[in-house]
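One structure is given here, and the rest of the page talks about it.
2 protein chains.
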Amino acid sequence: MRLSSLADYAVVMMTAAARHCGGLARVNATGLAQETGVPLPTAQKLVSRLSSAGLIESTRGTGGGFRLSRPPATITLADIIEAVEGPIALTNCVDTSHQECALDGSCRVKPHWPVVNRAVRDALAGVTLTQLATQAPLPLAGGVGGGPVRSTPAFDIPSPNPSRKREGEQVL
Amino acid sequence: MRLSSLADYAVVMMTAAARHCGGLARVNATGLAQETGVPLPTAQKLVSRLSSAGLIESTRGTGGGFRLSRPPATITLADIIEAVEGPIALTNCVDTSHQECALDGSCRVKPHWPVVNRAVRDALAGVTLTQLATQAPLPLAGGVGGGPVRSTPAFDIPSPNPSRKREGEQVL
DNA sequence: GCCAATCGGAACGATATAGTCCGATTTGAG
DNA sequence: CTCAAATCGGACTATATCGTTCCGATTGGC
Chain A
1 MRLSSLADYA
11 VVMMTAAARH
21 CGGLARVNAT
31 GLAQETGVPL
41 PTAQKLVSRL
51 SSAGLIESTR
61 GTGGGFRLSR
71 PPATITLADI
81 IEAVEGPIAL
91 TNCVDTSHQE
101 CALDGSCRVK
111 PHWPVVNRAV
121 RDALAGVTLT
131 QLATQAPLPL
141 AGGVGGGPVR
151 STPAFDIPSP
161 NPSRKREGEQ
171 VL
Chain B
1 MRLSSLADYA
11 VVMMTAAARH
21 CGGLARVNAT
31 GLAQETGVPL
41 PTAQKLVSRL
51 SSAGLIESTR
61 GTGGGFRLSR
71 PPATITLADI
81 IEAVEGPIAL
91 TNCVDTSHQE
101 CALDGSCRVK
111 PHWPVVNRAV
121 RDALAGVTLT
131 QLATQAPLPL
141 AGGVGGGPVR
151 STPAFDIPSP
161 NPSRKREGEQ
171 VL
């Protein structure tokens, strides 16, 4: 349930690009890497992925670079993540139909996964680049709730989780 | 952005346990593995994780097994995922304080991650074992993204409804 | 026409994961 | 009370994906 580092870096780079020129001027991967701190080769790889996905327009040659293909308000977190990691799919059975897990027919929860997957994707699709470029972190008001300034409830489901033994992972 | 296979199997096993005895009787890992199709060693590993997290109560010795510690309506997908994978954290900077992100101070999107992370977690916390144990899934068979598919919250927890995201707005 | 800077893709290495095995503990029966 | 069986619990190994790096193709400027 963790985002890949590539996607994380892609979000940072896209946000930086949106903040810099609003997606109108061209910036190169080198300058953006120096600014954001992302390693240059990784930044180049991300630029390739993002351009392949159609999120940015790349210009080759001397003085080239890239710019956002769409206004920042129309680019969401889900777009960036899908551009880097592929389609958002919590399980294999949601993404491609040809992916068959061993459970297959006896899996009773398979019909439920698309619903959950869509809910998660909607949560990510509700965050736009414009929101991310803002300094003050808005309380997720713009797109996710559908409402104006709906304060997200604190989510108080009685799940005490008393004996949490594994805080991180099996770090030996 | 994909769920680990262990978490997927854990959800299947927990759902099967909830469907079988409603969390009242004891079942062993062997029988559940045979029923769900999960490999037995993997099922044993998952039982260990789930019992460590406090989701199930294990009884050792001959004729032992495990049963759900809480009613199925109070166990959510987020609980199961956190029991297997650890805390739900899209990025490293959200989870623990030991963020080793190279961007660190220059990261402008870091303040936004907790909000997004909570939104995703809420989406997972809104699905209970009772919902997953239901045969008839939520209305998805008709089509994804086409119409306003509304999930009927017939099995929701009596506690505050965890901010259901907008339903059926983004095409998958 | 030449050079230089950039994007694009491919290969290598590393980390984390998935799966499997064996041992310790406990309980029921004899 | 002893034995035996079944269970949980942790550790090891193999695999796969991810992250990083490097090199080539392309294009614009001079």
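Chains A and B, in that order, give the protein sequences. Take the first sequence: its position 19, counting from 1, is numbered 19 in this note's numbering, and each next residue is one higher. Take the second sequence: its position 71, counting from 1, is numbered 71 in this note's numbering, and each next residue is one higher. Virtual Cβ for every residue (Gly too), placed ideally from N, Cα, C.
May I ask you to report which of helix, strand or coil DSSP gives residue i?
i       : result
S58(B)  : strand
T128(B) : strand
G64(A)  : coil
T76(B)  : strand
V120(A) : helix
G147(B) : With a pLDDT of only 35 at G147(B), under the threshold of 50, the placement of this residue in the model should not be trusted; the figure read from the coordinates follows. Here G147(B) sits in coil by DSSP.
R19(A)  : helix
V38(A)  : coil
V27(A)  : strand
V12(B)  : helix
C101(A) : coil
V47(A)  : helix
I88(A)  : coil
P71(A)  : coil
L3(A)   : coil
C93(A)  : helix
V115(A) : helix
If you measure between the beta carbons of residue i and residue j, is that distance less than 8 Å?
i       : j       : result
L124(A) : T15(A)  : no
V27(A)  : F66(A)  : yes
D79(A)  : L46(A)  : no
L6(A)   : H112(B) : no
A43(B)  : A53(B)  : no
Let's test the definition: count the other Cβ atoms within 10 Å of the Cβ of residue i and tell me whether it reaches 16, buried, or not, exposed.
i       : result
R2(A)   : buried
Q135(A) : exposed
P39(B)  : exposed
G126(A) : buried
P41(A)  : exposed
S151(B) : Caution applies to S151(B), whose pLDDT of 40 falls short of 50 and renders its modelled position unreliable; the model cannot decide the point.
Using the Cα positions of residue i and residue j, report the straight-line distance between them to the nearest angstrom.
i       : j       : result
G168(A) : G86(B)  : Only weak support exists for where G168(A) lies, its pLDDT of 35 falling under 50; the value from the coordinates is given anyway. If you take the alpha carbons of G168(A) and G86(B), they lie about 6 Å apart.
P148(B) : G63(B)  : Bear in mind that a pLDDT of 39 at P148(B), under 50, signals an unreliable position, so the number given afterwards is only what the model happens to contain. Each residue's Cα considered, the two are about 49 Å apart.
V84(B)  : E35(B)  : 20 Å
N117(B) : P72(B)  : 24 Å
C107(A) : R60(A)  : 49 Å
H20(A)  : G31(A)  : 11 Å
C101(A) : I81(B)  : 18 Å
D8(A)   : V109(B) : 9 Å
T91(B)  : S4(A)   : 8 Å
A25(B)  : A10(B)  : 18 Å
C93(B)  : P114(B) : 9 Å
D95(B)  : D122(B) : 16 Å
S48(B)  : A33(B)  : 14 Å
S58(A)  : E57(B)  : 56 Å
G37(B)  : L77(B)  : 20 Å
P70(B)  : R70(A)  : According to the sequence displayed, residue 70(B) carries Arg and not Pro. In a straight line, the C-alpha of R70(B) is about 48 Å away from that of R70(A).
Could you check how far apart the C-beta atoms of residue i and residue j are, in whole angstroms? I think they sit under 8 Å.
i      : j       : result
A18(A) : L68(A)  : 7 Å
I75(A) : V120(A) : With a Cβ gap of about 18 Å, I75(A) and V120(A) do not count as contacting.
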